[in-house]
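Residue numbers (numbering that gives the first Met the number 0), protein chains in the order written: chain A, 0 to 234; chain B, 0 to 234.
There are 2 protein chains.
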Amino acid sequence: MRYELYYWPGIQGRGEYIRLALEEAGADYVDVARGERGMSEMMRMMEGHPGTPPFAPPFLKAGKLVIGQTANILLYLGSRHGLAPKTEAGKLWVHQLQLTLADLVLEAHDTHHPLGPTLYYEDQRAPAKRRTDEFWKERVPKYLGYFERVLKSNGGAYVTGRRLTYVDLSLFQIVEGLRYAFPKRMKNFEPEIPDLIGLHRRVVARPNIKAYLSSDRRIAFNEDGIFRHYKELDS
Amino acid sequence: MRYELYYWPGIQGRGEYIRLALEEAGADYVDVARGERGMSEMMRMMEGHPGTPPFAPPFLKAGKLVIGQTANILLYLGSRHGLAPKTEAGKLWVHQLQLTLADLVLEAHDTHHPLGPTLYYEDQRAPAKRRTDEFWKERVPKYLGYFERVLKSNGGAYVTGRRLTYVDLSLFQIVEGLRYAFPKRMKNFEPEIPDLIGLHRRVVARPNIKAYLSSDRRIAFNEDGIFRHYKELDS
Numbered sequence: 000m001r002y003e004l005y006y007w008p009g010i011q012g013r014g015e016y017i018r019l020a021l022e023e024a025g026a027d028y029v030d031v032a033r034g035e036r037g038m039s040e041m042m043r044m045m046e047g048h049p050g051t052p053p054f055a056p057p058f059l060k061a062g063k064l065v066i067g068q069t070a071n072i073l074l075y076l077g078s079r080h081g082l083a084p085k086t087e088a089g090k091l092w093v094h095q096l097q098l099t100l101a102d103l104v105l106e107a108h109d110t111h112h113p114l115g116p117t118l119y120y121e122d123q124r125a126p127a128k129r130r131t132d133e134f135w136k137e138r139v140p141k142y143l144g145y146f147e148r149v150l151k152s153n154g155g156a157y158v159t160g161r162r163l164t165y166v167d168l169s170l171f172q173i174v175e176g177l178r179y180a181f182p183k184r185m186k187n188f189e190p191e192i193p194d195l196i197g198l199h200r201r202v203v204a205r206p207n208i209k210a211y212l213s214s215d216r217r218i219a220f221n222e223d224g225i226f227r228h229y230k231e232l233d234s
Numbered sequence: 000m001r002y003e004l005y006y007w008p009g010i011q012g013r014g015e016y017i018r019l020a021l022e023e024a025g026a027d028y029v030d031v032a033r034g035e036r037g038m039s040e041m042m043r044m045m046e047g048h049p050g051t052p053p054f055a056p057p058f059l060k061a062g063k064l065v066i067g068q069t070a071n072i073l074l075y076l077g078s079r080h081g082l083a084p085k086t087e088a089g090k091l092w093v094h095q096l097q098l099t100l101a102d103l104v105l106e107a108h109d110t111h112h113p114l115g116p117t118l119y120y121e122d123q124r125a126p127a128k129r130r131t132d133e134f135w136k137e138r139v140p141k142y143l144g145y146f147e148r149v150l151k152s153n154g155g156a157y158v159t160g161r162r163l164t165y166v167d168l169s170l171f172q173i174v175e176g177l178r179y180a181f182p183k184r185m186k187n188f189e190p191e192i193p194d195l196i197g198l199h200r201r202v203v204a205r206p207n208i209k210a211y212l213s214s215d216r217r218i219a220f221n222e223d224g225i226f227r228h229y230k231e232l233d234s
């Protein structure tokens, strides 16, 4: 079965957590909206499922199933591609971590959009600066400190131990994103999270991920995505 | 088995979505932090699970399992208490809706805390006003319009059809919360969502929910929770 991933074509965004899982798994998939007429196909899907329409991208078509919400898609893929533990307790735990990570992603987004997602960054620069200061003072240490502790208490290789799960791929992406958006702040902070940095290195070295990152399937970070680099927010 | 729910004792907050599910199911549970020495027990649990600590309340102890993240807890409870469909597709769909609803809950919280959760409301009144205006202009119509469409296309009784799921209980709570926080704005908006209002009425009338709402187990809304009434934000 070929999966169909539907997500905004110009950004990594939330779609990237799905792409990383599909790539690591070596799954057969097409990134629909990046193809010709892809955006209109995505819109058609969003309006064309009267009973179970997705609220927003990303969503994944897997046979007859159409699954929305990033963490929900990973819950589904994790079981099918060996990217999650096999026990119910393990599945719930990894999903719980992914949901916590999703909260961090949203807060990273809100650093440049504290007044809401529908206004431009340029219309909220002052509150964005205040929110970013708060994010780095309180929230990043709290979230990444938490993941660092979890990682350490399980041996430091991957979040659940020696086997990679989809959460590890997402943590890699968080480190990437924070490095892109806030290079100075992140450089200062990295000594606090040696195990997360080690995990990042381990993920980069995985053959499928390595191949993906150097392919044109990996979209570059940019200022339309979730992790945006605005110089004035990085000091 | 008696469930142990751990959540901040003075507010409905995110714990309320769990309480509503437990109450509807007639499950045996104790709201630990509301009991004597409950807060210190909650703190002990958060620090005392070295391998799988919850990031934040709410979390649920179910036998040996400790499950965190509201939607994850409902995923677990839904299957065990007939509050979710039995098929995998149905379970994923209801979970997807719950995650979308969780996004709305966070945005409702951000109306009074646009600069982040660690500053006081009093220190962010002006951005709160702007974010609230945006919330009601763009976000509430988008989210509630979506749930209204889903409800209508499935017959208008409950979100998946004739059987109640945990998402219906959560939608009831959203209507309650918006009515409490923004009585004027909500009154103007309700004619747009007749089926959601009908669902709210249907949930209120369920015997277990009715009994719960009039018991002292239901904490009153207040200005420490997610839905807060600030007059200046309601005009």
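Glycine residues also receive a C-beta, built at the ideal position from the N, C-alpha and C atoms.
Does P113/A have its Cβ less than 8 angstroms from a Cβ in chain B?
The sequence position of residue 113/A within the first sequence is 114, counting from 1. For P113/A, the answer is yes, since a Cβ of chain B falls inside 8 angstroms of its Cβ.
Is it the case that the Cβ atoms of A127/A and R201/A are separated by a distance below 8 angstroms?
Numbered from 1 along the first sequence, position 128 holds the residue referred to as residue 127/A. Numbered from 1 along the first sequence, position 202 holds the residue referred to as residue 201/A. Their beta carbons are not under 8 angstroms apart, which means A127/A does not touch R201/A by this criterion.
Would you say G47/A reaches chain B, if we count a Cβ-Cβ gap shorter than 8 angstroms as a contact?
To locate residue 47/A, count along the first sequence from 1; it is residue 48. No, G47/A lies away from the interface with chain B (no Cβ there is under 8 angstroms from its Cβ).
Candidates Y142/B, H111/B and L118/B: which alpha carbon is nearest E222/B's?
By one-based count along the second sequence, residue 222/B stands at place 223. Checking every option, the nearest Cα to that of E222/B belongs to H111/B.
Within-8 angstroms CB hit, T86/A to chain B
By 1-based counting over the first sequence, the position of residue 86/A is 87. For T86/A, the answer is no, since every Cβ of chain B falls outside 8 angstroms of its Cβ.
Look at the alpha carbon of E191/A and the alpha carbon of G89/A, and state the distance between them as a whole number of angstroms.
Taking the first residue of the first sequence as 1, we reach residue 191/A at position 192. Taking the first residue of the first sequence as 1, we reach residue 89/A at position 90. Whole-angstrom Cα-Cα distance: 27 angstroms.
Three Cβ pairs or more, each shorter than 8 angstroms: is that satisfied between the segment 23-33 of chain B and the segment 0-15 of chain B?
yes
Can you check whether the CB of Q11/A is closer than 8 angstroms to the CB of I173/A?
One-based indexing of the first sequence puts residue 173/A at position 174. One-based indexing of the first sequence puts residue 11/A at position 12. Not a contact, by the Cβ cut-off of 8 angstroms.
What runs of the beta strand (DSSP E), each 3 residues or longer, lie entirely inside the segment 134-220 of chain A?
none
Report yes or no: do three or more beta-carbon pairs, one from the segment 109-123 of chain A and one from the segment 139-151 of chain A, lie closer than 8 angstroms?
no
Out of V139/A, L118/A and E35/A, point me to the one whose CA is closest to L177/A's CA.
Position 178 of the first sequence, counting from 1, holds the residue named residue 177/A. Checked all of V139/A, L118/A and E35/A; the closest Cα to L177/A is V139/A.
Hey, is A210/A's beta-carbon within less than 8 angstroms of any beta-carbon in chain B?
Stepping through the first sequence from its first residue, residue 210/A is reached at position 211. It does not: the Cβ of A210/A has no partner Cβ on chain B nearer than 8 angstroms.
Could you give the first and the last residue of the continuous alpha helix (DSSP H) run that contains A101/A?
Taking the first sequence and counting its residues from 1, one reaches residue 101/A at position 102. First-last of the alpha helix (DSSP H) with A101/A: E87 to H111.
Can you grab the Cα-Cα spacing for the pair K183/A / E231/A, in whole Å?
On the first sequence, position 184 is the one that residue 183/A refers to. On the first sequence, position 232 is the one that residue 231/A refers to. So the alpha carbons of these two residues sit roughly 11 angstroms apart.
Contact check, M38/A vs P8/A, beta carbons under 8 angstroms:
The residue you call residue 38/A lines up with position 39 of the first sequence. The residue you call residue 8/A lines up with position 9 of the first sequence. In contact: M38/A and P8/A (Cβ atoms closer than 8 angstroms).
Which of helix, strand or coil does DSSP assign to Y229/A?
For the purposes of this step, residue 229/A is taken as the residue at position 230 of the first sequence. Note: Y229/A maps to coil in three-state DSSP.
Would you verify that the beta carbon of A70/B is, or is not, closer than 8 angstroms to some beta carbon of chain A?
Taking the first residue of the second sequence as 1, we reach residue 70/B at position 71. Yes, contact with chain A.
Provide the residue span of the beta strand (DSSP E) that contains A61/B, from first to last.
Sequence index remark: in the second sequence, residue 61/B carries index 62 (1-based). Per DSSP, A61/B belongs to the beta strand (DSSP E) from F58 to A61.
Can you tell me which residues form a DSSP beta bridge with G67/B?
Counted from its first residue, the second sequence places residue 67/B at position 68. G67/B pairs with F58/B.
Using DSSP bridges, identify the partner residues of E40/A.
Start at 1 with the first residue of the first sequence, and residue 40/A comes out as number 41. The partner list for E40/A (beta bridge, DSSP) is empty, contrary to what the question assumes.
What does the alpha-carbon distance come out to for the pair M44/A and T117/B?
Position 45 of the first sequence, counted from the first residue, corresponds to residue 44/A. Position 118 of the second sequence, counted from the first residue, corresponds to residue 117/B. The alpha-carbon atoms of M44/A and T117/B are separated by roughly 39 angstroms.
Go through its chain and collect everything with a Cβ distance to V166/A's Cβ below 6 angstroms, but skip five positions before and after it.
Residue numbering aside, residue 166/A sits at position 167 when the first sequence is read from its first letter. So the qualifying residues of the chain are V93, L96, Q97 and V158.
Could you pull the start and end residues of the beta strand (DSSP E) that L118/A belongs to?
Within the first sequence, numbered from 1, the residue matching residue 118/A stands at position 119. Neither: L118/A is in no beta strand (DSSP E) and is coded neither H nor E.
Please go through the same chain and pick out, in chain order, the residues whose beta-carbon is closer than 6 angstroms to the beta-carbon of G77/A, but skip the five residues on each side of it.
Taking the first sequence and counting its residues from 1, one reaches residue 77/A at position 78. Answer for G77/A: A83 and Y165, listed in chain order.
Identify, in the order they occur along the chain, each residue of the same chain with its Cβ nearer than 8 angstroms to the Cβ of V203/B, setting aside the five sequence neighbours on each side.
One-based indexing of the second sequence puts residue 203/B at position 204. Answer for V203/B: F171, K209 and L212, listed in chain order.
Which of the three DSSP states, helix, strand or coil, is assigned to E35/A?
Sequence index remark: in the first sequence, residue 35/A carries index 36 (1-based). The answer is coil: DSSP assigns E35/A none of H, G, I, E or B.
S234/B, buried or exposed, once every other Cβ within 10 Å from all chains shown has been counted against 16
By 1-based counting over the second sequence, the position of residue 234/B is 235. Result: exposed.
Within chain A, the residues that R227/B reaches when beta carbons sit closer than 9 angstroms:
Residue 227/B sits at position 228 when you count from the first residue of the second sequence. What R227/B touches in chain A: nothing, since even the nearest Cβ is about 17 angstroms away.
Output the boundary residues of the alpha helix (DSSP H) element that contains Y16/A.
Taking the first residue of the first sequence as 1, we reach residue 16/A at position 17. Unbroken alpha helix (DSSP H) run through Y16/A: G14 to A24.
Grab the span of the beta strand (DSSP E) containing L4/A for me, first residue to last.
Within the first sequence, numbered from 1, the residue matching residue 4/A stands at position 5. Looking at the DSSP string, the run of the beta strand (DSSP E) that includes L4/A is Y2 to Y5.
Who are the Cβ neighbours of D194/B in its own chain at under 8 angstroms, not counting the five residues just before and after it?
Taking the second sequence and counting its residues from 1, one reaches residue 194/B at position 195. Closer than 8 angstroms at the Cβ level, and outside the excluded window around D194/B, lie E147, L150, K151 and G155.
On the CB-based measure, 16 or more other CB atoms within 10 Å of its CB, does K63/A come out buried or exposed?
For this step, residue 63/A is matched to residue 64 along the first sequence. K63/A comes out exposed.
Less than 8 angstroms between the C-beta atoms of I17/B and T69/B, yes or no?
Taking the first residue of the second sequence as position 1, residue 17/B is located at position 18. Taking the first residue of the second sequence as position 1, residue 69/B is located at position 70. Contact: yes.
Which residues in chain A sit within 7 angstroms of Q95/B, going by Cβ to Cβ distance?
Numbered from its first residue, the second sequence carries residue 95/B at position 96. By Cβ distance, chain A contributes I66, G67, Q68 and N71.
At a CB distance below 7 angstroms, what residues from the segment 115-135 of chain B approach chain A? Give them in sequence order.
G115, T117, L118, P126, R129, R130, E133 and F134
Contact under 8 angstroms by Cβ, F134/A with E106/A
As a first step, residue 134/A is located in the first sequence; it is residue number 135 there, counting from the start. As a first step, residue 106/A is located in the first sequence; it is residue number 107 there, counting from the start. Yes, the Cβ-Cβ distance between F134/A and E106/A is below 8 angstroms.
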